[in-house]
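>
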Amino acid sequence: MVVRTPSEHRGRPAGQEGQDSNHQDDTAGHDSHSTLAGAVYRAAMTTEQRRIRSRLMRAKGGEEQRATNLELFFDLVYVFAVTQLSHLLGSHLGLSGAAQTALLLLVVWWAWVYTTWMTNWFDPDSPLVRMLLIAVMLASLAMAIAIPTAFGDRALVFALGYTCLQVMRNSFVVWATEPGSQLHEAFVRISAWSVAVGVLWVGGALADDGARAAIWIVALLVDYAGPAAGYWVPRLGRTPAQEWEIEGSHFAERFQLFIIIALGESVVVTGSTAAAEHIDLAKAVAIATSFLTAAALWWLYFDYVATIAQRRLATSDSSGALARDAYTYVHAVMVAGIIVAAVGAGILIDDPTGTPTAAQVATLAGGPALYLLGHILFRLRMAGSLSGKRISAAAAICVVGVAGTVLPALVTGLAVLAVLVVLIAAETVAGVRRRRRQELGPLEALEAELAGGRRDEPLSAADAGSSGI
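First residue of the sequence shown: -16, per my numbering; consecutive thereafter.
#1: Look at the alpha carbon of TRP199 and the alpha carbon of GLY187, and state the distance between them as a whole number of angstroms.
#2: Going straight from the alpha carbon of VAL161 to that of GLU47, what length do you get?
#3: If you measure between the beta carbons of SER368 and ILE332, is that distance less than 8 Å?
#4: Considering Cα atoms alone, identify which of TYR97, VAL62, VAL60, MET126 is closest to TRP184.
#5: How far does the alpha helix (DSSP H) with HIS314 in it reach, from first residue to last?
#6: If you reduce the DSSP assignment to three classes, tell me which class PHE141 lands in.
#7: Using 8 Å for Cβ pairs, my map puts VAL96 next to THR311. What's the rounded Cβ distance?
#8: Taking 7 Å as the cut-off, is the C-beta of VAL216 nearer than that to any heavy atom in the ligand SAM?
#9: Determine the DSSP secondary structure at GLU46, reduced to helix, strand or coil.
#10: So, do the region 73 to 88 and the region 338 to 350 have three or more beta carbon pairs nearer to each other than 8 Å?
#11: Leaving out five residues before and five after ARG137 in sequence, what residues of the same chain have Cβ atoms less than 6 Å from its Cβ?
#12: Leaving out the 5 sequence neighbours to the left and right, which residues in its chain are closer than 7 Å to VAL171 when beta-carbon positions are compared?
#13: Tell me the DSSP bridge mates of PHE105?
#14: Check whether the region 112 to 125 touches the region 145 to 156, counting contact only when three or more Cβ pairs, one atom from each stretch, lie closer than 8 Å.
#15: Within a Cβ cutoff of 6 Å, which residues of the same chain sit near GLY209, ignoring the five residues on either side of it in sequence?
#16: Based on Cα-Cα distance, which residue from LEU39, ALA271, VAL205 lies nearest to ARG113?
#17: Buried or exposed, going by whether 16 or more other CB atoms sit within 10 Å of the CB of ILE270?
#18: Check the C-beta distance from ALA342 over to ILE229 and give it rounded, since I have them as a contact under 8 Å.
#19: Ends of the alpha helix (DSSP H) at ALA366?
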């Protein structure tokens, strides 16, 4: 993430920033305390301090950034967290268990997302940034360990782990950026927001069981309202996402990797459940069905959606707002759908011939349907259009779910898989027909759109069919 200077947003060269600031100060009467304090601090900064801070940032050479080895190592903690969430939902099927798992998932997701924004900007190979990320990993591990009893004996461990990693990381950014800069002021607001919300998380952990859930729901709502509200703080104002600019290729790649993490849980559940069972014909078919369902979910994201979205994000003039909406918020829906589907895989393999309960059917059909809903919202935000095929597939899976309460689990699982396969086939056939008519493919249509200067405009009805997302 890179925050543009005010002069760059007005269309003037960054070199005129000092002139612009002087003019603004004259007209505003030096009414900004933070600007004055920043000027004093900058004057006192040594060359060595500036040099240290500059080494913390990613190089801006114009080339695409890629995920580093440390970021992949960092993700391992969240592999464990996803496993913990999957096991929690699987052992507490029902409205209460689902609500608790959803809340904890959103907290885990928020911790990972904030760090992804930070590493899009700071260089993970810098020793100081590396030490920070390892410390954040440790706090994340404590949070993940506490997940099974986060609403019980380890509530304080969970809340402290989350609060510490948020405050620690955001405070580092405040320290590492030059006071008075737009980026520094933005993270002063974000840090204040994380401290205030942290009080709610810790306070909820210390409250009795009845009040804890209510306080944590409020804390979660405040946390998720932060980006949309620009992290508004009294007297400090807000930081709108339109002022943020990110390196889109790296940012999109990180979210693609988290989708892989979530899909990996489906494979782990399939394998671990099967390893503990006597495998007969029904269970063998259930194992294959579970694996192929995970593969279909992978296909639907990585066939072309991921590539086109990455390209659109990297070339957008409002990449910050796009990343906030389509990735920070909407991807949480996809991840939730994959985790629910992973729980359904375990249920399917455990008893393929039995008739599942309503809660079990909700995992078998609800997970893939929720995942497709995420795709529908993703395309709507990225391209301004809707996918009729994916809407129809999501609706068909919901119909399967309704019928699933009177069908064997294996029949329900096979029906869900059949819908996903038909969807993939329909999109593939549409692509083949498009090539035969010598029409532009999804990526080619995007490149043509970019070349035509329509970078952030919604697609027309004619273009929507070939937009890909």
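All C-beta atoms, glycine included, are put in the ideal place defined by N, C-alpha and C. Keep in mind that this is a model prediction, so the values were computed, not measured.
Considering the structure as presented:
#1: To locate residue 199, count along the sequence shown from 1; it is residue 216. To locate residue 187, count along the sequence shown from 1; it is residue 204. Roughly 6 Å separates the two Cα atoms.
#2: Translated into positions along the sequence shown, residue 161 becomes position 178. Translated into positions along the sequence shown, residue 47 becomes position 64. Per the sequence shown, residue 161 should be read as Glu rather than Val. Answer to the nearest angstrom: the Cα atoms are 25 Å apart.
#3: Here residue 368 refers to the residue found at position 385 of the sequence shown. Here residue 332 refers to the residue found at position 349 of the sequence shown. Not closer than 8 Å, so no.
#4: Numbered from its first residue, the sequence shown carries residue 184 at position 201. With distances taken between Cα atoms, TRP184 lies closest to MET126.
#5: Translated into the one-based positions of the sequence shown, residue 314 becomes position 331. Looking at the DSSP string, the run of the alpha helix (DSSP H) that includes HIS314 is 313 to 333.
#6: One-based indexing of the sequence shown puts residue 141 at position 158. Correct three-state label for PHE141: helix.
#7: Numbered from 1 along the sequence shown, position 113 holds the residue referred to as residue 96. Numbered from 1 along the sequence shown, position 328 holds the residue referred to as residue 311. The beta-carbon distance between VAL96 and THR311, rounded to whole angstroms, is 5 Å. This is short enough to meet the 8 Å contact definition.
#8: The model on display carries no ligand, and the ligand SAM is accordingly not part of it.
#9: Position 63 of the sequence shown, counted from the first residue, corresponds to residue 46. Coil.
#10: yes
#11: Along the sequence shown, one-based indexing puts residue 137 at 154. Apart from sequence neighbours up to five positions away, the residues of its chain that approach ARG137 with a beta-carbon distance below 6 Å are ALA129, ordered along the chain.
#12: The count along the sequence shown starts at 1 and reaches residue 171 at position 188. Correct list, in chain order: VAL157, LEU219.
#13: Taking the sequence shown and counting its residues from 1, one reaches residue 105 at position 122. Residue pairing by DSSP places PHE105 opposite MET40 in a beta bridge.
#14: The region 112 to 125 is in contact with the region 145 to 156.
#15: Within the sequence shown, the letter at position 226 stands for residue 209. Excluding the 5 residues flanking it on each side, GLY209 has same chain C-beta neighbours closer than 6 Å at TRP176, in chain order.
#16: One-based indexing of the sequence shown puts residue 113 at position 130. ARG113 has its Cα closest to that of LEU39, out of LEU39, ALA271, VAL205.
#17: Residue mapping note: residue 270 aligns to position 287 of the sequence shown, counting from 1. By the neighbour-count rule (16 or more Cβ atoms within 10 Å), ILE270 is buried.
#18: The residue you call residue 342 lines up with position 359 of the sequence shown. The residue you call residue 229 lines up with position 246 of the sequence shown. Actually they do not touch by this definition, with Cβ atoms about 39 Å apart.
#19: As a first step, residue 366 must be located in the sequence shown, where it is residue number 383. Counting along the chain, the alpha helix (DSSP H) containing ALA366 begins and ends at 349 to 366.
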